[in-house]
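**Q** Numbering of the sequence shown is given in the working numbering, commencing with residue 1 and proceeding in unit increments. For each residue, glycine too, the CB sits at the ideal point set by N, CA and C.
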Amino acid sequence: MRLCSDRYTDEEARKKLSHKLELRRYEHSLGVAYTACSLFMAHGHDTPEELSRAYTAGLLHDCAKCLTDEERDKYIRRYGVELSRTEKENPYLIHAKLGAVLAKEKYGVTDPEILSSIRWHTTGCADMTFLEAVIFSADFIEPNRKPLIILPEVRTLIYTDLDRAVCRILEQTIVHLNNKGMAIEEHTLEACDFYKKKIMRRRKQD
Ligand code: DGI
Ligand code: FE
Ligand code: FE
1 MRLCSDRYTD EEARKKLSHK LELRRYEHSL GVAYTACSLF MAHGHDTPEE LSRAYTAGLL
61 HDCAKCLTDE ERDKYIRRYG VELSRTEKEN PYLIHAKLGA VLAKEKYGVT DPEILSSIRW
121 HTTGCADMTF LEAVIFSADF IEPNRKPLII LPEVRTLIYT DLDRAVCRIL EQTIVHLNNK
181 GMAIEEHTLE ACDFYKKKIM RRRKQD
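Encoded structure:
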């Protein structure tokens with residue numbers, strides 16, 4: 001599969017990524033890359049160019065996941081990454097924003113939509129593009145994910161109704177975070193609200 005990068009072939013990028021990530025995280029990244037491709041194919045976007053974009057975004061979405069605290073802070077300073085309060089309180093969230101920066105700086109990806117798909121893959125956001133929604137949801141359903149009660153339902157739904165699948169994932173994430181008493185990013189709440197309304201609007205039109 002061709003990689004959307006000015007600097008690396010797909011093989012070179014996989015090699016580099018496999019040295020940066022733990023093995024399980026690397027396998028998860030391959031899982032997201034191929035799941036994103038399968039969603040593209042199922043939704044009628046199966047040209048080699050489109051599949052390369054899905055593959056590149058999926059492969060690199062967690063490229064900033066396995067940094068040490070020192071490395072993470074160094075990159076935040078070097079690239080002037082601004083953090084929200086929730087990100088400061090929950091530093092594991094930072095890998096999404098930082099991943100978009102590193103995909104560009106370290107892997108030579110310039111396609112803005114691939115970078116924004118990486119940026120939004122953890123929280124989601126309102127009115128995602130097709131690629132953004134695919135990476136957000138492929139991350140949740142890829143084959144290596146530990147079984148959650150809603151997984152079978154979402155894995156079926158996602159191939160026919162991406163909006164509803166995105167909405168179910170967001171609802172589930174918010175319930176999970178509320179149960180654990182964790183802070184929720186505004187983007188996560190806005191995304192859930194947006195998709196609930198979009199689905200209601202669609203129902204009225206049918
Ligand atoms: O990096 P991955 O493990 O593949 O997956 P991810 O980047 O989607 O991260 C998943 C975690 O992020 C999951 O435990 C839920 C959490 N999360 C998503 N939205 C929010 C959030 N955590 C907080 N605190 N606030 C959010 O809005
Ligand atoms: Fe992630
Ligand atoms: Fe992930």
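Any residues whose CB sits closer than 5 Å to a heavy atom of ligand 3? List them in chain order?
**A** D62 and D139
**Q** Would the stretch 102-119 and the stretch 55-68 be scored as touching if the rule is three or more Cβ pairs under 8 Å?
**A** yes
**Q** Can you tell which of G80, S5, K197 and Y92 has the C-alpha that lies nearest to the C-alpha of Y55?
**A** S5
**Q** State the start and end residues of the unbroken alpha helix (DSSP H) segment that holds C167.
**A** L162 to N179
**Q** Going by the CB atoms, is the gap between K74 and L21 shorter than 8 Å?
**A** no
**Q** Just checking K88 against ligand 2 - is the residue's beta carbon closer than 7 Å to any of the ligand's heavy atoms?
**A** no
**Q** Is any heavy atom of ligand 1 found at a distance shorter than 7 Å from the C-beta of M182?
**A** yes
**Q** Which residue marks the beginning of the alpha helix (DSSP H) containing C192, and which one marks its end?
**A** Residues E186 to Q205.
**Q** May I have the straight-line CA-CA distance separating E210 from D206, to the nearest angstrom?
**A** Residue 210 lies beyond the range of the chain shown here (1 to 206); nothing can be said about it.
**Q** Cα-Cα, which of L98, I158 and L23 is closest to I118?
**A** Out of L98, I158 and L23, L98 has the C-alpha closest to the C-alpha of I118.
**Q** Here's the rule I'm using: 16 or more other beta-carbon atoms within 10 Å means buried, otherwise exposed. How should M128 be labelled?
**A** buried
**Q** Can T35 be considered in contact with ligand 1, in the sense that its beta carbon sits closer than 7 Å to one or more heavy atoms?
**A** no
**Q** Assuming P143 and G31 form a contact by the criterion Cβ under 8 Å, report the distance between their Cβ atoms to the nearest whole angstrom.
**A** 5 Å
**Q** Among R72, N179, P147 and I158, whose alpha-carbon lies nearest the alpha-carbon of H43?
**A** I158
**Q** Throw me the rounded Cβ distance for the D10 and L3 pair, which I believe falls under 8 Å.
**A** With 8 Å as the limit, D10 and L3 qualify as a contact, their Cβ atoms being about 4 Å apart.
**Q** Alpha carbon to alpha carbon, what distance is there between T188 and T123?
**A** 5 Å
**Q** Which of helix, strand or coil does DSSP assign to E82?
**A** coil
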